[in-house]
Every structure is written in structure tokens, then in C-alpha cells.
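Structure first, then comments.
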Amino acid sequence: DAGVTQSPTHLIKTRGQHVTLRCSPISGHKSVSWYQQVLGQGPQFIFQYYEKEERGRGNFPDRFSARQFPNYSSELNVNALLLGDSALYLCASSLEDDQPQHFGDGTRLSIL
Amino acid sequence: QKEVEQNSGPLSVPEGAIASLNCTYSDRGSQSFFWYRQYSGKSPELIMFIYSNGDKEDGRFTAQLNKASQYVSLLIRDSQPSDSATYLCAVNPSSSNTGKLIFGQGTTLQVKP
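Top line first, the protein sequences correspond to chains V and G.
1189 is the number of the first residue of the first sequence in the numbering used here; add one for each residue after it.
7 is the number of the first residue of the second sequence in the numbering used here; add one for each residue after it.
This is how it looks when you write it as C-alpha cells:
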């Protein structure tokens, strides 16, 4: 079975632009969470979606938004990119919202 | 006080030894605890989860949970050079009512041949 898939794998943007990152969960998984990981730190929670509804939001500005589609795939959008948004963005899926989460390979976002 | 704390290391052990990785958490009501392994340049990989006090074993890995002491650990027996990675402790806090995970900064493990 395919794991969590994320696209693109790498992305280079400039300050002020916006970006859309995509995630397809493991088949049958209804919950998708997004995390941001900067070098040397553990992942930081951004959002969780379950059955297309937002279940949780981390301490990130309103420039960050997300949604989940009827097929349980998800998008993370970031507007007005800042240099500090450079990070590895990880998507994780789980069967239910309190079950173990499995991560995709991530999208490495670089802001110039 | 950080919500989830780990010693960043590096923790260096010889091949074949037991590696002991530790994690403390601040939310006493936390119910779910996870260990992830992350190789350099890769994404985290789930290796163990534990919900109840005590030990849980899976192959060479043992997770230990002590809720009274707010302490969770991971033991790796017969450590191999391929175990060299960063190990992330993650906790689902009781206040979240979601699947939100709070991660420690990770402990780097080096297994020397």
C-alpha cells in the first residue's frame, strides 16, 4: 500500500509569494495533520483535519491555511511568504484523529 | 518549561550495546506517547507508541511509560550502526482533544562499529 504522498518534494519561492503544498493520506486514513520542521528542531503542529473539518490549529499566523477534500487529501496554503517560512513541511495521516500518525516524505520549502 | 523535553545528545553507544533514550513531558493528563526515528534529510518514521504505564516491546525496541513521573523512554537493544539517527519523542496533550502531537527536539544517537 502507498504511504503518505506529498508534492512537490522541493520548492523555491521568493518573499511575498504564496505556495500550495499537497498531501494524499494512506488509503483509508481520514485524518491529516500538517507540521513544520526547521533544522535541528522537532516538528511543530500547524493544522489537523478530520472528515474535512478543522480539528486543531497550532500557533501559526493567519497566512497559513489548509483544507481537506472529500477524498481526504489535503492542501496547505501559505501566503505572503517570509524568509522564516523556510522549512520542511510534513504531512501525516492517521486512521482516526487520535491514532498513530504516519508521515510523508515532506516538502522542503526554501524562501529567497 | 518546554512541553516535551529531550536531551539533544549526541548519545554515543558501541555496536551491540543498549541505547537508552529519555523524554519528559509537562502535561500530566497526556494519554498518548510516540517515538519516531528520523534519518538525516528524511522524514520521521513511527517506531513505537504506548498508552499505558509500563513496558511495551517490539523486536529490539522497548518503550517505557511512567505517567506519575511524566517520563517516557525508548530502549534499543543490540544497537546497530543503522540505528544511528535522531529519535523524536511526541506526546498528544490532554488539552488538545485532537490528534495534535507535541514533539521534543530529538536525541541524536550514534552507534559506533
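In this text, a Cβ means the ideal position worked out from N, Cα and C, and glycines have one as well.
Assignment of beta-bridge partners to G/Leu17 by DSSP yields G/Leu115. By the C-beta criterion, the region 1242-1249 of chain V is judged not to be in contact with the region 1286-1294 of chain V, since fewer than 3 inter-stretch pairs fall below 8 Å. The three-state reading of DSSP puts G/Ser88 in helix, counting H, G and I together. Against G/Pro50, the close residues of chain V are Pro1231, Leu1278, Phe1291, in the order they occur along the chain (beta-carbon pairs closer than 8 Å). With a threshold of 8 Å between beta carbons, G/Asn28 makes no contact with chain V. Short of 8 Å from the beta carbon of G/Val10, and not among the five residues preceding or following it, lie these beta carbons of its own chain, in chain order: Cys29, Thr30, Tyr31, Ser32, Cys95, Ala96, Val97, Ile108, Phe109, Gly110. Sequence-ordered contacts of the region 1228-1254 of chain V with chain G read Gly1228, Gln1229, Gly1230, Pro1231, Gln1232, Phe1233, Gln1236, Tyr1238, Arg1243, Gly1244, Gly1246 [C-beta pairs closer than 8 Å]. In the structure shown, the three-state DSSP call for G/Gly47 is coil. Between V/Ser1274 and V/Ser1298, the CB-CB gap stays under 8 Å.
The residue from G/Val19, G/Gln116, G/Asp64 with its alpha-carbon nearest to that of G/Trp41 is G/Asp64.
With the criterion set as a beta carbon lying under 7 Å from some beta carbon of chain V, the members of the region 79-96 of chain G are Leu94, in sequence order.
Taking G/Asn59 as the centre and dropping the five residues before and after it, the same chain places the C-beta of Leu71, Lys73 closer than 6 Å to its C-beta, in chain order.
Boundaries of the beta strand (DSSP E) harbouring G/Asn28: 25-31, taken from the DSSP string. Rounded to whole angstroms, the gap between the alpha carbons of G/Pro99 and V/Leu1269 is 30 Å. Judged by DSSP secondary structure, V/Leu1199 falls within the beta strand (DSSP E) whose first and last residues are 1198-1201. With fewer than 16 other beta carbons inside 10 angstroms of its own, V/Ala1190 counts as exposed. Any Cβ of chain G closer than 8 Å to the Cβ of V/Pro1196 would place that residue at the interface, and such an atom is absent. For G/Tyr57, DSSP assigns no beta-bridge partner whatsoever.
Annotation note: the region 1195-1246 of chain V contains the following uninterrupted beta strand (DSSP E) runs of length 3 or greater, listed N- to C-terminal: 1198-1201, 1207-1212, 1219-1225, 1232-1238, 1241-1245. For G/Phe40, the nearest CB of chain V lies under 8 Å from its own CB, placing it at the interface with that chain.
Chain-order list of chain V residues neighbouring G/Gln111: Gly1228, Gln1229, Gly1230, by C-beta distance under 8 Å. Inter-residue distance for V/Pro1196 and G/Ile56 is about 33 Å (C-alpha atoms, whole angstroms).
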